[in-house]
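Undergrad:
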Amino acid sequence: DAGITQSPRHKVTETGTPVTLRCHQTENHRYMYWYRQDPGHGLRLIHYSYGVKDTDKGEVSDGYSVSRSKTEDFLLTLESATSSQTSVYFCAISRENQPQHFGDGTRLSIL
Amino acid sequence: SQKIEQNSEALNIQEGKTATLTCNYTNYSPAYLQWYRQDPGRGPVFLLLIRENEKEKRKERLKVTFDTTLKQSLFHITASQPADSATYLCALDKRQAGTALIFGKGTTLSVSS
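If you're matching them up, the sequences are chains A and B in order.
Under my numbering, the residue at position 45 of the first sequence is numbered 582, and the numbers go up by one with no gaps.
Under my numbering, the residue at position 37 of the second sequence is numbered 49, and the numbers go up by one with no gaps.
1. Using a C-beta to C-beta distance shorter than 7 Å, which residues of chain A count as neighbours of residue 115 of chain B?
2. Could you check what DSSP says for residue 91 of chain B in three-state terms: helix, strand or coil?
3. Which one of A:624, A:541, A:635, A:556 has the shortest CA to CA distance from residue 602 of chain A?
4. Does the Cβ of residue 43 of chain B have 16 or more other Cβ atoms within 10 Å, making it buried, or fewer, making it exposed?
5. Quick one: what's residue 68 of chain B bridged to in DSSP?
6. Helix, strand or coil, according to DSSP, for residue 637 of chain A in the structure here?
7. What are the residues in the segment 68-101 of chain B lying within 9 Å of chain A by C-beta distance?
8. For residue 631 of chain A, count neighbouring Cβ atoms within 10 angstroms of its own Cβ and tell me buried if that reaches 16, exposed if not.
9. Going by the beta-carbon positions, is the gap between residue 114 of chain B and residue 14 of chain B smaller than 8 Å?
10. For a cutoff of 8 Å on Cβ pairs, would you count residue 112 of chain B as touching chain A?
11. According to the Cβ coordinates, are residue 613 of chain A and residue 583 of chain A closer than 8 Å?
12. On the three-state DSSP scale, how would you describe residue 14 of chain B?
13. Roughly how many angstroms lie between the CA atoms of residue 77 of chain B and residue 637 of chain A, to the nearest whole one?
14. Going along the chain, which residues of the segment 540-572 of chain A sit with their C-beta nearer than 7 Å to a C-beta in chain B?
15. How is residue 20 of chain B classed by DSSP in three states: helix, strand or coil?
16. Taking 8 Å as the cut-off, does the segment 18-37 of chain B touch the segment 562-569 of chain A (at least 3 CB pairs, one atom from each stretch)?
17. Mind pulling the chain B residues with CB within less than 9 Å of residue 639 of chain A?
Below is the structure:
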């Protein structure tokens with residue numbers, strides 16, 4: 538398996554609190570992605586990064602921010618969590634025009 | 013806007029038969045299309061990639077076709093086994109830096125013995 542670690546794997550928090558999810562890779566891949574997966578919607582791209590400090594928005598970026606200060610780490614932050622952000626979050630990595638490799642997800646519940 | 017449809021949410025077949033999953037897309041011309049497998053509680057795992065200039069790709073019991081005129085890909089699993097039971101996702105590239113993908117909602121395949 539590609540070396541991708543997501544942390545935490547599970548988190549329960551309250552509405553209005555900030556939440557940060559971490560994705561760590563040991564593959565030195567240039568591209569990193571954050572997706573959310575919800576029943577009836579499939580995987581939807583939140584943000585992605587094409588290099589250190591280079592990020593761009595995906596289709597469901599509202600309410601989320603990201604940072605990538607070094608190649609191996611890509612952080613996803615919910616500044617003020619809402620119940621609609623309850624979901625399973627997946628990180629993925631890839632080389633350019635190559636398949637993506639996914640982590641095993643973070644299950645986030647916002648009460 | 014770009015749209016991908018996997019036209020079956022669920023597919024049930026008997027062991028040994030060929031499973032055929034369909035992926036249709038509109039308003040787009042992808043450079044390539046990918047298929048992934050996802051097991052419950054796990055992240056998707058890459059299976060096959062087929063490029064716009066390729067008609068067919070094979071890997072062991074898996075076969076993918078890509079018809080850019082019909083805007084359709086078919087994913088076949090021959091001699092299916094209960095271990096093939098999973099959700100299968102198709103994904104298209106967005107022809108931009110970052111190789112961000114658009115995913116279909118997936119088809120859940122159940123193979124009974």
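Think of the CB as a built atom: it goes at the ideal place given N, C-alpha and C, for glycine as much as any other residue.
TA: This is what the structure gives:
1. The answer, in chain order, is 579, 580.
2. It is coil, neither helix nor strand.
3. Just measuring C-alpha positions, the residue of A:624, A:541, A:635, A:556 sitting nearest residue 602 of chain A is A:556.
4. When all chains shown are included, residue 43 of chain B counts as exposed.
5. Beta bridge pairing from DSSP links residue 68 of chain B with B:77.
6. Residue state for residue 637 of chain A is assigned as coil, using DSSP reduced to three classes.
7. Flagged, chain order: 101.
8. Residue 631 of chain A counts as buried, since at least 16 other C-beta atoms from the protein chains shown sit within 10 angstroms of its C-beta.
9. Yes. Within cutoff.
10. Closer than 8 Å to some Cβ of chain A, the Cβ of residue 112 of chain B qualifies, so yes.
11. Result yes, Cβ atoms of residue 613 of chain A and residue 583 of chain A sit closer than 8 Å.
12. Here residue 14 of chain B carries a coil assignment [DSSP, helix/strand/coil].
13. Taking the straight line joining both Cα atoms gives about 20 Å.
14. Residues 568, 570.
15. Of the three classes helix, strand and coil, the one that applies to residue 20 of chain B here is coil, per DSSP.
16. Short answer: they don't touch.
17. Here the neighbours are 48, 50, 54, 55, 56, 57, 58.
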